[in-house]
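First up is the structure itself, then whatever we jot down about it.
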Amino acid sequence: LAKTTQPISMDSYEGQEVNITCSHNNIATNDYITWYQQFPSQGPRFIIQGYKTKVTNEVASLFIPADRKSSTLSLPRVSLSDTAVYYCLVGDYNTNAGKSTFGDGTTLTVKP
Amino acid sequence: GAVVSQHPSWVICKSGTSVKIECRSLDFQATTMFWYRQFPKQSLMLMATSNEGSKATYEQGVEKDKFLINHASLTLSTLTVTSAHPEDSSFYICSASGDIGRNTEAFFGQGTRLTVV
């Protein structure tokens, strides 16, 4: 599995847009990118997934450049409840998604 | 969406006793379930993979005789921590995949906090 690198922590304020970038230089052709959110003492929660270009859903956007060596999770207008750890994962389509390799994640702290 | 439920949410046990944690897929059939362990301020570490009706596959360094996994039905997998010791205190999380959603999406339980005293 491609190793991912994320910032250890980020701070933001309510109402701001937050962009968390993940590096995955060794991403393979069959790999897709998934972001999860984890609150303390809870299991990870799926946020968004993509393969290339841009993906948007009701909670976030995912930007993937043409070389796919990095990706950026964009959270619009964050609130205090968005304080959590965000994990970027790279997985092979041929591998069960439940078997995931989690990196260190980014601890996002949203301040009032 | 798919729901995976773990029970109990937290448990405290005495050193030397065994503890069983259940992982259930509530609205889909989970052909494969995964068990993770997470220590404080650390990331999730995969412990084992279980397929319904077959023996679990353990990751390197995980003692299969200490962490017994049973996946007897398509909706239930159990993890039993045998002869628990304080160093086994951790947050245990399961994930499941099956006949729902995209095969690239994993569904996680809410986790079980185990404290061994």
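Protein chains in written order, with the working numbering: chain A, 1 to 112; chain B, 1001 to 1117. For each residue, glycine too, the CB sits at the ideal point set by N, CA and C.
In terms of residues, what are the limits of the beta strand (DSSP E) holding residue i?
i	result
K54(A)	T53 to T56
E1022(B)	V1019 to S1025
N19(A)	V18 to S23
L1044(B)	L1044(B) -> no beta strand (DSSP E), and no H or E assigned at all.
H1038(B)	Here residue 1038(B) turns out to be Gln, not His, going by the sequence shown. From DSSP, the beta strand (DSSP E) with Q1038(B) extends over A1030 to Q1038.
G1098(B)	S1090 to G1098
T4(A)	Unbroken run through T4(A): none, as it is neither H nor E.
T1082(B)	That residue, T1082(B), is in no beta strand (DSSP E); it is neither H nor E in DSSP.
V1117(B)	Where V1117(B) is concerned, there is no enclosing beta strand (DSSP E), given that its DSSP letter is neither H nor E.
Helix, strand or coil for residue i per DSSP?
i	result
D1065(B)	coil
L1074(B)	coil
S1009(B)	coil
D104(A)	coil
Any beta carbon of chain A sitting closer than 8 Å to that of residue i?
i	result
R1037(B)	no
G1109(B)	yes
T1078(B)	no
I1021(B)	no
E1052(B)	no
I1012(B)	no
L1114(B)	no
T1075(B)	no
F1067(B)	no
F1028(B)	no
S1025(B)	no
A1056(B)	no
T1082(B)	no
S1097(B)	yes
S1089(B)	no
S1005(B)	no
A1072(B)	no
S1120(B)	Since the first residue shown for chain B is 1001 and the last is 1117, residue 1120(B) is missing from the structure and cannot be characterised.
Flag residue i as yes when its Cβ comes closer than 7 Å to any non-hydrogen atom of the ligand SAM, and as no otherwise.
i	result
L1044(B)	You won't find the ligand SAM in this model; it holds no ligand whatsoever.
Distance cutoff 8 Å, beta carbons only. Does residue i sit that close to anything in chain B?
i	result
F63(A)	no
A97(A)	yes
Q6(A)	no
D104(A)	yes
Q37(A)	no
P76(A)	no
G50(A)	no
S9(A)	no
S41(A)	yes
P112(A)	no
S70(A)	no
S100(A)	yes
Original post:
Curious, which full-length beta strand (DSSP E) runs of at least 3 residues does the region 37-96 of chain A contain?
Top reply: Taking 3 residues as the minimum length, the beta strand (DSSP E) runs contained wholly in the region 37-96 of chain A are 45-50, 53-56, 61-64, 70-75 and 84-92, in order along the chain.
Original post:
Counting Cβ pairs closer than 8 Å, one from the region 1069-1087 of chain B and one from the region 1039-1056 of chain B, do we hit at least three?
Top reply: Yes: the two stretches touch, three or more of their Cβ pairs being nearer than 8 Å.
Subject >> Three or more C-beta pairs below 8 Å linking the region 1010-1022 of chain B and the region 1082-1091 of chain B >> reply: Taking 8 Å as the limit for Cβ pairs, the verdict is that the region 1082-1091 of chain B does touch the region 1010-1022 of chain B.
Original post:
When the Cβ atoms of the region 46-63 of chain A are set against those of the region 1024-1042 of chain B, are three or more pairs found closer than 8 Å?
Top reply: The region 46-63 of chain A, when compared against the region 1024-1042 of chain B, does not touch it at the 8 Å Cβ threshold.
Subject >> Meets three-Cβ-pair contact criterion under 8 Å: the region 15-30 of chain A and the region 70-89 of chain A >> reply: At 8 Å Cβ cutoff, the stretches touch.
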